[in-house]
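Everything on this sheet refers to the single structure shown next.
There are 2 protein chains.
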Amino acid sequence: MSAFSTAATTGRKKRGEGHTRREEILQAAKELFLEHGYDSVTIRKIADRVGVSAPALYLYFPDKEQMMLALCDQTFGLLLDSLGDIEKTVTDPRERIRRFGEAYLRFGLQHPDEYRLIFLGSNIPESMRKIGHRMPTDDLSRPGVVGAVVFQRLVTVLVEAEASGLKLNYPADTCAELCWMAIHGLTSAFILKPEFPWSDRELLIDGMFAMIMKGLVKEG
Amino acid sequence: MSAFSTAATTGRKKRGEGHTRREEILQAAKELFLEHGYDSVTIRKIADRVGVSAPALYLYFPDKEQMMLALCDQTFGLLLDSLGDIEKTVTDPRERIRRFGEAYLRFGLQHPDEYRLIFLGSNIPESMRKIGHRMPTDDLSRPGVVGAVVFQRLVTVLVEAEASGLKLNYPADTCAELCWMAIHGLTSAFILKPEFPWSDRELLIDGMFAMIMKGLVKEG
DNA sequence: ATAGATAACTTATCATAGTTAAGTTAACGG
DNA sequence: CCGTTAACTTAACTATGATAAGTTATCTAT
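Chains D and C, in that order, give the protein sequences.
For the first sequence, the numbering used here assigns the number 4 to the initial residue and increments by one for each residue that follows.
For the second sequence, the numbering used here assigns the number 4 to the initial residue and increments by one for each residue that follows.
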């Protein structure tokens with residue numbers, strides 16, 4: 004129409020501007036997924052919100068699954084960032100472990116749907132079940148390996164802790180597994196059963212970390 | 004045809020024999036769900052295996068969801084039974100906690116799909132997400148409350164442990180929550196990521212229980 | 001400027017899903 | 001033997017993810 008119409012929200016994209024449409028789709032999908040859950044959100048609803056036809060989405064994503072995957076990688080980047088911050092900032096080994104665990108937990112609480120998707124394999128097609136725990140031998144740039152990457156960072160923290168003099172009760176990788184399992188149990192409990200009358204959340208968090216430390220690190 | 008034909012597998016059921024058809028459906032659904040997962044199993048496939056038409060299933064179940072629910076309650080009865088055995092057999096409080104946890108874990112490993120369904124809310128419709136953790140204030144005979152019942156039994160064990168002299172670091176219900184979270188973390192890790200190169204399983208189990216005991220019970 | 005080439009779409013359609021409506025068959029009771 | 005009704009079937013509906021095939025508009029090269 005007028006001299007305006009930046010093609011921002013309106014009509015067809017100019018040539019070479021397809022990627023902005025892709026991001027519009029991702030944004031709409033994210034909002035809808037977070038609000039209603041993966042299963043309840045149909046391709047058509049996403050398309051409606053974006054303002055294009057349903058098949059148009061297939062120009063940018065091979066299927067619905069890949070939309071969610073793209074969203075997850077995007078969100079989990081945040082977790083990796085905060086782990087990076089801790090690695091740079093915190094030097095004390097015990098403190099590092101605790102801060103790592105807390106970062107993980109807080110992330111889970113702030114992004115419960117993405118957490119469920121990656122670490123619980125919930126409400127997603129059978130084929131996606133393996134996503135969260137694909138091994139790091141895979142191409143790390145591929146979508147969906149974030150879970151394994153996060154775990155690997157924890158192993159590294161424990162190996163370094165051991166190197167800097169901390170005495171562990173088990174091999175570092177075993178400790179990392181136990182630590183992850185415990186924190187994952189905590190996190191997933193809050194996420195999966197939010198209406199359960201849990202004890203005070205901070206008490207549980209403190210209690211869990213106390214358990215982990217007593218269980219994994221030798222006295223001294 | 005012949006004088007035989009007990010209507011066991013063949014043809015139409017006699018009057019008043021509908022409940023046997025119901026069980027045939029349940030059995031077929033169980034086999035298919037365990038083999039292929041909830042989502043991949045269609046009403047029609049279940050019906051085919053039973054040898055009836057798809058809508059016939061709706062004579063016995065209001066929807067697909069209720070079939071899975073019925074199966075779950077059936078299977079989780081086994082867990083409740085083994086918990087009952089422990090309560091009768093084992094008297095030492097520490098031993099009881101450990102045995103409870105182990106029974107829970109072994110159950111999860113032996114019935115991973117039911118575990119996922121009840122405790123992870125995985126691969127089932129949105130509406131079923133709350134099933135595993137409906138509160139015991141609900142009608143306990145209703146399908147799907149087994150999760151809460153199991154947890155309640157753990158609380159009782161810890162309360163009794165305290166009564167018999169064991170010193171806990173936190174209130175009994177808080178301890179039960181921490182204990183459940185840790186064991187659930189262990190269980191769900193094995194179930195959700197079976198191909199992960201975990202350390203020796205028994206080592207992890209021992210390590211987890213050591214963690215729990217050190218974390219919850221005061222020295223002495 | 002204009003004629004391909006092709007990015008960015010749309011409409012029509014498919015197969016399959018869960019589920020329902022409405023009719024059919026056969027077993028039992030009077 | 002006849003009517004009631006439990007135990008079914010066939011046909012169909014709606015909604016899903018996905019595809020095929022065509023259309024429109026923008027850029028590029030002449």
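The C-beta atom is built at its ideal place from N, Cα and C for all residues, glycine as well.
Assigned exposure category for residue i - 16 Cβ within 10 Å defines buried
| i | result |
| --- | --- |
| R204/C | exposed |
| T45/D | exposed |
| Y173/D | buried |
| E180/D | buried |
| T23/C | exposed |
| G21/D | exposed |
| A166/C | exposed |
| T78/D | buried |
| H39/D | exposed |
| L18/C | Per the sequence shown, the amino acid found at residue 18/C is Arg instead of Leu. Label assigned to R18/C: exposed. |
| G210/C | buried |
heavy atom of the ligand COA below 7 Å from residue i C-beta
| i | result |
| --- | --- |
| R97/D | Here there are no bound small molecules, and the ligand COA is not part of this structure. |
Contacts around residue i, its chain only, beta-carbon distance under 8 Å, and the 5 residues preceding and following it disregarded
| i | result |
| --- | --- |
| M1/D | Not covered by the structure: residue 1/D. The range shown for chain D is 4 to 223. |
| G220/C | Per the sequence shown, the amino acid found at residue 220/C is Val instead of Gly. The residues are R97, L169, K170, L171, N172. |
| S130/C | In this prediction, S130/C has a pLDDT of 38, which is less than 50 and means its spatial position is unreliable; what the coordinates show is noted afterwards. Answer for S130/C: E68, listed in chain order. |
| Y118/C | F110, G111, T190, S191, I194 |
| A208/D | Inspection of the sequence shows that residue 208/D is occupied by Ile rather than by Ala. Hits under 8 Å: E105, L108, L189. |
| F199/C | A192 |
Proximity below 8 Å, CB of residue i to CB of residue j
| i | j | result |
| --- | --- | --- |
| A185/C | M214/D | yes |
| D176/C | S202/D | yes |
| L74/C | F110/C | no |
| G218/C | K196/D | no |
| L112/C | L189/C | no |
| H114/D | A192/C | no |
| L123/D | L123/C | yes |
| A57/D | R99/D | no |
7 Å CB neighbourhood of residue i in its chain, flanking five on each side removed
| i | result |
| --- | --- |
| R101/C | F212 |
| F103/C | L86, I89, L157, V160 |
| L37/D | D116 |
| R52/D | A31, L35 |
| V93/D | R99, R102 |
| D95/C | none |
Close beta carbons around residue i, own chain, < 6 Å, minus the five adjacent residues each side
| i | result |
| --- | --- |
| G14/D | none |
| V162/C | A175 |
| C182/D | I215 |
| G54/D | none |
| I206/D | Here residue 206/D is Leu; the residue named in the question, Ile, does not match the sequence. Nothing meets the Cβ criterion. |
| C178/D | L161, L171, L219 |
| K91/C | none |
Original post:
Does the pairing of the stretch 59 to 73 of chain C with the stretch 12 to 29 of chain C give three or more beta-carbon distances under 8 Å?
Top reply: Segments in contact, yes.
Original post:
Quick check: the stretch 47 to 58 of chain C against the stretch 84 to 91 of chain C, are there 3 or more CB pairs under 8 Å?
Top reply: Short answer: they don't touch.
**OP:** Please name the residues in the stretch 91 to 121 of chain C whose beta-carbon is closer than 7 Å to at least one beta-carbon of chain D, in chain order.
**Re:** Taking a C-beta cut-off of 7 Å against chain D, none of the residues of the stretch 91 to 121 of chain C qualify.
Subject >> Contact residues within the stretch 203 to 215 of chain D, judged by C-beta distance below 7 Å to chain C >> reply: Answer set for the stretch 203 to 215 of chain D: L206, L207, G210, M211, A213, M214, I215.
**OP:** Would you check if there are 3 or more beta carbon pairs closer than 8 Å linking the stretch 151 to 159 of chain C to the stretch 151 to 160 of chain D?
**Re:** Taking one beta carbon from each stretch, the stretch 151 to 159 of chain C and the stretch 151 to 160 of chain D have fewer than 3 pairs nearer than 8 Å; the two do not touch.
Original post:
Along the stretch 179 to 193 of chain D, what residues have a CB closer than 8 Å to any CB found in chain C?
Top reply: From the stretch 179 to 193 of chain D, only E180, L181, W183, M184, A185, I186, H187, G188, L189, S191, A192 have a Cβ closer than 8 Å to chain C.
**OP:** Would you list, in chain order, the members of the stretch 40 to 58 of chain D that have their beta-carbon closer than 8 Å to a beta-carbon of chain C?
**Re:** For the stretch 40 to 58 of chain D, which is checked against every Cβ of chain C, the residues closer than 8 Å are G40, D42, S43.
**OP:** Give the residues from the stretch 60 to 76 of chain C that approach chain D closer than 7 Å (Cβ to any Cβ), ordered along the chain.
**Re:** Within the stretch 60 to 76 of chain C, no residue has a Cβ that lies closer than 7 Å to any Cβ of chain D.
Original post:
Given a limit of 9 Å on CB to CB distance, which residues of the stretch 165 to 176 of chain C reach chain D?
Top reply: Taking 9 Å as the Cβ-Cβ cut-off against chain D, the residues of the stretch 165 to 176 of chain C that qualify are N172, Y173, P174, D176.
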